[in-house]
C-alpha cells in the first residue's frame, strides 16, 4: 500500500514542481509574490521524503530542490534564484517518474499518473493560496484540470480492476468509497467556480484531504 502511495506522490511532485517552475518563470508576478512562493518551497522538499523509501533515487530531485529553496531569495526581490537547480530537480524527477512506469502495468501507470496529477494540482493550488498569488487564471485552470484528470483516472482504475478481477463485495465497497470521496473532493475544490464565489483556503484543504483519502483507498484496494 505504501509503495503505491509513493507512486502517487511521485507523480504529484512532478506536476507540482512543473507548475511552480511555470509560475516562477512565466508568471506575471510582483517581487512580493515571488518571495512568498519561494517560502512555500520547503513544503515540496518535505513531500519528497515520502517518495525516497520506495525510490531512493528520488534523493536527487530532493537535494536539487533543497539547494534551490535554500539559495532562492524570499524577500521582495526580482531575483529568481539559481534556476539551474530547479530545472535539475525537475529533470531528475521526470527520470524517476519514467523509471517507475517501467515497473507497472499500463493501466497502473496511467492510474498513478492521473491520480498523482490530481494530487499535485491541488497541492500547488494550496501553496498558491498560502502565497496569496494573484494569478487568477490558475485558480480556475487547476480545479478544472483536476476534473478532467479524475475522469481519466476513473477509467484507468476500472481497467486495472477488470484485469485483476476485483469482484468481491469488499472490493465494490472500496470502489464506492474511492469514487464518493473523489467526487466530493472535486466538488469542494471547484465550488468557487460553480458558485461564482471567492475560494476559501479551508475548503481547498478539505478537498485535499478527501482526495488523499480516495488515493489511500485506491492503494489499499489494489494492494490487497
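In my numbering, the protein residues as written are 292 to 515.
Backbone N, C-alpha and C define an ideal beta-carbon position, used for all residues, glycine too.
Reducing DSSP to helix, strand and coil, say where residue 508 ends up.
helix
Helix, strand or coil at residue 292 [DSSP, three-state]:
coil
Secondary structure of residue 444, DSSP reduced to three states:
helix
Give the straight-line distance between the Cα atoms of residue 295 and residue 422, rounded to the nearest whole angstrom.
30 Å
Option nearest residue 451 by Cα separation, candidates 513, 463 and 300:
513
Which residue spans inside the region 375-429 form an unbroken beta strand (DSSP E) run of at least 3?
none
Can you tell me the Cβ-Cβ gap for residue 408 and residue 383, rounded? I've got them flagged as a contact below 8 Å.
Between residue 383 and residue 408 the Cβ distance is about 19 Å, and since that is not below 8 Å, they are no contact.
Terminal residues of the continuous alpha helix (DSSP H) containing residue 342?
From DSSP, residue 342 is part of no alpha helix (DSSP H); its letter is neither H nor E.
Between residue 403 and residue 298, which are expected to be in contact by the criterion C-beta below 8 Å, what is the C-beta distance as a whole number of angstroms?
4 Å
Neighbour-count burial assignment, residue 337, 16 or more Cβ in a 10 Å radius
exposed
Using only alpha-carbon positions, find the residue among 304, 312 and 472 that is nearest to residue 353.
304
Reference residue 357, options 345, 330, 344 and 346, closest by Cα
330
Please classify residue 369 as buried or exposed, where buried requires at least 16 other C-beta atoms within 10 Å of its C-beta.
Bear in mind that a pLDDT of 47 at residue 369, under 50, signals an unreliable position, so the number given afterwards is only what the model happens to contain. Looking at its Cβ environment, which holds fewer than 16 other Cβ atoms inside 10 Å, residue 369 is exposed.
Exposed or buried, what is residue 515 when buried is set at 16 or more other beta-carbons lying within 10 Å of its beta-carbon?
exposed
Does the contact criterion of 3 or more C-beta pairs under 8 Å hold for the region 474-494 versus the region 431-445?
yes
Rounding to the nearest angstrom, what Cα-Cα distance links residue 496 and residue 470 in this structure?
18 Å
Measuring CB to CB, does residue 419 end up less than 9 Å from residue 429?
yes
Rounded to whole angstroms, what is the Cα-Cα separation between residue 361 and residue 340?
17 Å
Specify, as a first and last residue, the run of the alpha helix (DSSP H) that residue 356 falls within.
350-362
Residue of 441, 455, 507 and 348 minimising C-alpha distance to residue 480:
441
Sorted by chain position, which residues of the same chain lie with C-beta nearer than 8 Å to residue 489's C-beta, five sequence neighbours on each side aside?
483
Could you name the residues of the same chain whose beta carbon sits closer than 7 Å to that of residue 351, not counting the 5 residues immediately before and after it, in chain order?
383
Proximity below 9 Å, CB of residue 465 to CB of residue 501
no
Count the other CB atoms, across all protein chains shown, that sit within 10 Å of the CB of residue 269; report buried if there are 16 or more and exposed otherwise.
Absent from the structure is residue 269, since the part of the chain shown begins at 292 and ends at 515.
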